[in-house]
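Asks:
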Amino acid sequence: MYKILVVYYSQSGQLERVARTVAAPLDAAQDVQVDYLRLEPAVAYPFPWGLFSFLDTFPEAVYLDAPRLRPFGLAPEARYDAIILAYTVWYLSPAPPITGFLKSPEGRRLLAGTPVVTLTACRNMWLMAHEQIKALLADAGARHCDHVALVDQGNSLATFFTTPRWMLTARQDRWLGLFPPAGVSERDIAGSIRFGRALLAAVRAGTLDGTQAVLTGLGAARMDVRLLASERIGRRSFLIWGRLLRRVGPPRSARRKPVLLIYVMFLIGMIIVVVPPSMLVRSLLRSFQGERVARERAYFEAPSGSGTERMGEFSA
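If you're matching positions, the sequence shown starts at 2 in our numbering and goes up one per residue.
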């Protein structure tokens, strides 16, 4: 019996739906056992968020502070043949409960030497978060073999409005007749079952062993090269301001509020003034940097890539 553990943290429930859709073919197989581990912080994060609490989480998120988690409820000697790690992105970093799992003694024991498939459902800015995930997995001795990234519907401008609205109000519907629903589309969620079918085929072929990618050719991870520079700028900004806020006071401290207000004004100004011309300049330069863009795409989309040549084999 091949044993798979699905680890996830989901506030809105979307990521849990994606994880269970991917795992469905494995769950239905008689020769595979699938267990689910829903991570629960000892102090729960609110949903929907209040504005201050939403902003106040970013210093600890970007500095990968591990929150205390409730006991996993797994047997002390539990071992798995593979792990599916489903995570969301907070401030271009992994959601803190995922960081907590990756840094915990029990999490590291489960990960050591184990093939790991990572899965994210988020805005189309997941590159920096995944770099941190890869580093944490490597530090735990995991064998990271595949990555799937499902991104929210709508362009970057649309999700800049729809995602905060969703987080602050729990409303995911179309907005003002202009913006699409927040989150990953129903079509993409349903279509993610192809990854589970491919994983099941790999289990039965004996290739889900951490030595090779098994989700290639399925459109698993397509990066938007136009957003790479913005992610790098945003990551540096979060680290600088996060360090300042950590010095000002601990989480939920009233002393943080005026600094957070200043940061919000700075962030909006940067998005309006700095990011658009930066994207324009880099867009113009990309026409002369074909090889560099290809290298960046190959690196960030690894190990599963964005090719679609096997879609017909595993899609409904």
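Beta carbons are placed, not taken as given, at the ideal position from N, Cα and C, and that holds for glycine.
Just to confirm before moving on: does the CB-CB distance between P116 and A62 stay below 9 Å?
Replies: Taking 9 Å as the Cβ cut-off, P116 and A62 do not qualify as a contacting pair.
Asks: Under DSSP, the beta strand (DSSP E) around P116 begins and ends at which residues?
Replies: P116 -> beta strand (DSSP E) spans P116 to C123.
Asks: Tell me which residues share the same chain as A150 and place their Cβ nearer than 6 Å to its Cβ, disregarding the 5 neighbours each side in the sequence.
Replies: Excluding sequence neighbours, A150 sits near T121, W127 and A222.
Asks: F180 to L268, Cα distance in whole Å?
Replies: Looking at the two C-alpha atoms, the distance is approximately 22 Å.
Asks: Sorted by chain position, which residues of the same chain lie with C-beta nearer than 7 Å to W242's C-beta, five sequence neighbours on each side aside?
Replies: Correct list, in chain order: Y264.
Asks: Kindly list the residues whose CB is nearer than 6 Å to the CB of S186, restricted to its own chain and excluding five residues on each side of it in sequence; keep chain order.
Replies: Excluding sequence neighbours, S186 sits near Q154.
Asks: Pull up the CB-CB distance for P97 and D147, whole angstroms please, since I reckon it's below 8 Å.
Replies: That belief does not hold up - the Cβ atoms of P97 and D147 are roughly 24 Å apart, past 8 Å.
Asks: Where do the N-terminal and C-terminal ends of the beta strand (DSSP E) with L151 fall, by residue?
Replies: That run of the beta strand (DSSP E) goes R144 to V152.
Asks: In whole angstroms, what is the alpha-carbon distance linking F196 and R188?
Replies: If I take the Cα positions, the gap works out to 14 Å.
Asks: Can you tell me where the alpha helix (DSSP H) holding D36 begins and where it ends?
Replies: That residue, D36, is in no alpha helix (DSSP H); its beta strand (DSSP E) goes V33 to R39.
Asks: Give me, in chain order, the residues of the same chain whose beta-carbon lies closer than 6 Å to that of K4; leave out the 5 immediate sequence neighbours on both sides.
Replies: Q34, Y81 and D82, listed in sequence order.
Asks: So within the segment 18-79, which uninterrupted alpha helix (DSSP H) runs reach at least 4 residues, ignoring any that extend past its ends?
Replies: Whole alpha helix (DSSP H) segments, 4+ residues: 52-57 and 59-63.
Asks: In chain order, what residues of the same chain have a beta carbon less than 8 Å from the beta carbon of A43, not counting five sequence neighbours either side?
Replies: Around A43: P68, R69, L70 and R71.
Asks: Classify V185 as helix, strand or coil using the three-state DSSP reduction.
Replies: Note: V185 maps to coil in three-state DSSP.
Asks: Have a look at D28, R39 and L27 and flag the residue whose alpha-carbon is nearest the alpha-carbon of S11.
Replies: It is R39 whose Cα lies nearest to the Cα of S11.
Asks: Are E41 and A87 closer than 9 Å when you measure CB to CB?
Replies: Going by C-beta atoms, E41 is not nearer than 9 Å to A87.
Asks: Using only the alpha-carbon positions, how far apart do G114 and G270 sit?
Replies: Those two C-alpha atoms are separated by around 45 Å.
Asks: Could you compute how far the alpha carbon of T160 sits from the alpha carbon of S54?
Replies: The alpha-carbon atoms of T160 and S54 are separated by roughly 20 Å.
Asks: Considering Cα atoms alone, identify which of Y300, P106 and V23 is closest to E78.
Replies: Closest option to E78, Cα to Cα, is P106.
Asks: With respect to 8 Å, is the separation between the Cβ of W91 and the closest non-hydrogen atom of the ligand GDP below this value?
Replies: The model depicted lacks the ligand GDP and carries no ligand whatsoever.
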